[in-house]
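>
Numbering (the numbering used here), first residue to last: 55 to 549.
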């Protein structure tokens, strides 16, 4: 009898605790462009479940990822530090036997902070912030459960030999595995669909990742959980099961093969436009499965669902025809750019009864804001550590007045070296080619009025010297030099 009473008490306590603390689900797409969802104006790619999510929540039109490529963007999200103070400032591989530059143990992640608030955290998908032998191991950064790809280079294939299940290898039924980078076989006919069969695997890794994410929800339904779901999709290579491809083949688009005739590129595909669209629709299906399970378990009203992307659409035109899909719409730039198209991303938040359904906001926000915002929403705003650069956007989400953001800062040591500052929701200054040899004026700032010119087509620096001076000051003050990711021309300006 005593044992039964204890069990009932523990069950009641867990249920009550769960009701007090909302669950948090953060779904992160990979290289998904600002205009590649139906709710953001996409006309060709079908995304009904994500569109429904937007209809039931708040859609952001001025949300910015942490950076212009994978790893530094995720670092900003995990730590709440913008790229001027974040540890990781571009993709940096070369670690043995795999993995990217790790976030150190001294960094405090959102998962570590939520753990102190009684949450269990799980990460499912692509990590990219340090291999399992490093301090960046998800288990050492607050995540109790990890399943997926540790190394983002490994994640270029959707049909690999193995994934990571915590610290153990999870073997997939791909014999042989399909590489992320390869060309057509010697002598293969690029006009023959059969030439591309070698790039089709048997065991689609993203299916397992989705399954494990669903199991995590089921296992933790009676306690507050943080599900971090950094999907691979739609990052190339163009790998997708045929059943997803068929509906887009029926569209009969003019769809020339991607043959990878030379240079850097991913695996060829006979119908690349159809494949890319099919991948995004498969991501939409995965999102739907997560939302359906949350609903089936009766957790919908007590779950905050966030959907976004780590940066803009890939710049590899032969693989992804961003013009055909109008992937970034009117915006300038693509992945790797601090122009808007490379860093302005879709962002949707649903929390029934708290976030107004069908609402839209132009509030300027960045990935660094999620750490303080989540803590604010769960009533732990005082737990935000020193050194966090983000601000809480809880007032915006809850329909309260929130003044214009003072500024947003970004720097990126990849793609020639770049630096950008947004002032409020109007002005943006950007420097480019900071690392390019022969650049005679690397500190020159282009200035754009994003209200009047969202395409960043007209440099108005000479007409707005006071604004320019303020941006220049922030470009100096909002950063510390990094030995690992130096920008010498900026580091020389440091006090």
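The beta carbon of each residue, even a glycine, is placed where N, CA and C say it ideally should be.
1. Just the C-alpha distance for residue 152 and residue 185, rounded to the nearest angstrom, thanks.
2. How long is the line joining the alpha carbons of residue 129 and residue 190, rounded to whole angstroms?
3. Determine contact between the stretch 301-313 and the stretch 213-229, defined as no fewer than three beta-carbon pairs at a distance below 8 angstroms.
4. Measure the alpha-carbon distance for residue 252 versus residue 238 and round it to whole angstroms.
5. How many angstroms separate the CA atom of residue 485 from the CA atom of residue 172?
6. Comparing alpha-carbon positions, which option in 167, 456, 123 lies nearest residue 433?
7. At which residue ranges does the stretch 220-288 contain complete alpha helix (DSSP H) runs of 4 or more residues, listed in the order of the chain?
8. Quick check on residue 326: buried or exposed, where buried means 16 or more other Cβ atoms within 10 Å of its Cβ?
9. Look at the alpha carbon of residue 346 and the alpha carbon of residue 192, and state the distance between them as a whole number of angstroms.
10. To the nearest whole angstrom, what separates the beta carbons of residue 117 and residue 398, a pair I think is in contact under 8 angstroms?
11. Enumerated in chain order, which unbroken segments of the alpha helix (DSSP H) with a length of 4 residues or greater are wholly contained in the stretch 427-512?
12. Classify residue 517 as buried or exposed, calling it buried when 16 or more other Cβ atoms lie within 10 Å of its own Cβ.
13. Assuming contact is defined by CB atoms lying nearer than 9 angstroms, are residue 250 and residue 311 in contact in what I supplied?
14. Assuming the contact rule is C-beta atoms closer than 8 angstroms, residue 105 and residue 288 should be a hit. Round their C-beta distance to whole Å, please.
15. Taking the C-alpha atoms as reference points, what is the distance between residue 202 and residue 174?
16. For residue 534, I'd like the list of residues in its chain whose CB is within less than 8 angstroms of its CB, leaving aside the five on either flank, ordered along the chain.
17. Go ahead and label residue 221 buried or exposed: buried means 16 or more other beta carbons lie within 10 angstroms of its beta carbon, across all protein chains shown.
18. Does DSSP put residue 400 in a helix, in a strand, or in coil?
19. Can you tell me the Cα-Cα spacing of residue 530 and residue 544, whole angstroms?
20. Give me, in chain order, the residues of the same chain whose beta-carbon lies closer than 7 angstroms to that of residue 14; leave out the 5 immediate sequence neighbours on both sides.
21. Assign residue 191 to one of three DSSP states: helix, strand, or coil.
22. Based on the DSSP output, what are the partners of residue 199 in its beta bridges?
23. Residue 136 to residue 120, Cα distance in whole Å?
24. Going by the DSSP bridge assignment, what does residue 113 pair with across the sheet?
25. I need the boundaries of the alpha helix (DSSP H) containing residue 361, first residue and last residue.
26. Quick check on residue 396 - is its C-beta less than 9 angstroms from some C-beta in chain C?
27. Beta-carbon within less than 6 angstroms of residue 482's beta-carbon, same chain only, minus the 5 sequence neighbours each way: which residues are those?
Let's see:
1. Rounded to whole angstroms, the separation of the alpha carbons of residue 185 and residue 152 is 7 angstroms.
2. 10 angstroms
3. no
4. If you take the alpha carbons of residue 252 and residue 238, they lie about 9 angstroms apart.
5. 43 angstroms
6. Comparing Cα positions, the closest option is 167.
7. 259-273
8. buried
9. 27 angstroms
10. 7 angstroms
11. Look at the stretch 427-512 and you find these whole runs of alpha helix (DSSP H), each 4 residues long or longer: 448-451.
12. Around the C-beta of residue 517, fewer than 16 other C-beta atoms lie within 10 Å, and the residue is accordingly described as exposed.
13. yes
14. In fact, because the Cβ distance is near 16 angstroms, the residues do not count as touching under 8 angstroms.
15. 18 angstroms
16. 138, 139, 548
17. exposed
18. strand
19. The C-alpha of residue 530 lies about 8 angstroms from the C-alpha of residue 544.
20. Residue coverage of the chain in this structure runs from 55 to 549, which leaves residue 14 outside it and unanswerable.
21. coil
22. 176
23. Whole-angstrom Cα-Cα distance: 7 angstroms.
24. The partner list for residue 113 (beta bridge, DSSP) reads 402, 414.
25. That residue, residue 361, is in no alpha helix (DSSP H); its beta strand (DSSP E) goes 357-363.
26. The structure shown has no chain C; it contains just one protein chain.
27. 476, 502, 504
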